Amino acid sequence: MLILISSEMSYCCIQVAEDPIFARDGADVYVESNITFTQAIMGGKVVVPTLSGKVEVKIPKGVQHGQLMKLRGKGLPRHGFLVDHGDQYIRFRINFPTVVNERQRAILEEFAKEEINHENNASSEGHWSSSLLNGFACIVYILEMDNRLYQQLSTA
Numbered sequence: 001m002l003i004l005i006s007s008e009m010s011y012c013c014i015q016v017a018e019d020p021i022f023a024r025d026g027a028d029v030y031v032e033s034n035i036t037f038t039q040a041i042m043g044g045k046v047v048v049p050t051l052s053g054k055v056e057v058k059i060p061k062g063v064q065h066g067q068l069m070k071l072r073g074k075g076l077p078r079h080g081f082l083v084d085h086g087d088q089y090i091r092f093r094i095n096f097p098t099v100v101n102e103r104q105r106a107i108l109e110e111f112a113k114e115e116i117n118h119e120n121n122a123s124s125e126g127h128w129s130s131s132l133l134n135g136f137a138c139i140v141y142i143l144e145m146d147n148r149l150y151q152q153l154s155t156a
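Numbering (the UniProt record's numbering), first residue to last: 1 to 156.
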């Protein structure tokens, strides 16, 4: 943001630097929170920064990557009002593991099989678990291909 203030003989130029934690849109502020994929599925708690300090917020079960949560009144003061504040939005970023051990792989494969069986028995179109299933299926497939490639390279 650039503000120029002028009088007849003097100029003042103020430039506001980008904040490494918060993004601003008017009186509203945005912050990102990295969570694990198990926190996204099962819910939990995470500590996030606010303009007045850190707060612990509840992660809703089934939260999606990029989903926003509003902290009402935790933003900046609205222009001309000291008591009226904007909101703070938390954008959840889900971190998927890039490597899993054998036990984790077995659990993910069992979960994927159970979800496939469930989807075949009941329509869950539009349900958050169907998009989650696709993510798990992709993770399992990639890990299987990675494991096969590793075995081929190590035996060659």
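Note that the Cβ used here is the ideal one computed from N, Cα and C, for glycine as well. For clarity, every value in this text was computed on a predicted model and none was experimentally measured.
Between which residues of its own chain and residue i is the CB-CB distance below 6 Å, once the five residues before and five after are set aside?
i    : result
H65  : I94
T69  : First, the residue type needs correcting, since residue 69 is Met and not Thr in the sequence shown. Once the five neighbours on either side are set aside, the close Cβ partners of M69 are I90.
A23  : Y30
Q67  : F92
E56  : K45 and V47
N121 : none
When DSSP builds the beta bridges, which residues end up paired with residue i?
i    : result
F111 : Bridge partners of F111: none, in fact.
I94  : I35
P49  : K54
V29  : R24 and Q88
L71  : Q88
Are there 16 or more other CB atoms within 10 angstroms of the CB of residue i, so buried, or fewer, so exposed?
i   : result
G75 : buried
V47 : exposed
I59 : buried
V99 : exposed
Check whether the Cβ atoms of residue i and residue j sit closer than 8 Å, and answer yes or no.
i   : j   : result
V31 : I21 : yes
Q88 : T36 : no
K61 : G43 : yes
For residue i, which residues of its own chain have a beta-carbon under 7 Å away from its beta-carbon, when the five flanking residues on both sides are left out?
i           : result
residue 202 : The requested residue 202 does not occur in the structure, where the chain is confined to residues 1 to 156.
T38         : none
N34         : R93 and N95
Pick from the options: whose alpha carbon is nearest that of residue i?
i   : options           : result
I45 : V63, H118 and G73 : The question names Ile, but residue 45 is Lys in the sequence shown. That would be V63, whose Cα lies nearest to the Cα of K45.
Output needed for residue i: all residues of its chain with C-beta closer than 8 Å, excluding positions within five of it in sequence on either side, in chain order.
i   : result
D19 : none
Does the beta carbon of residue i come closer than 8 Å to any beta carbon on chain C?
i   : result
A17 : As a matter of chain content, chain C is missing from the structure shown, which is built from one protein chain.
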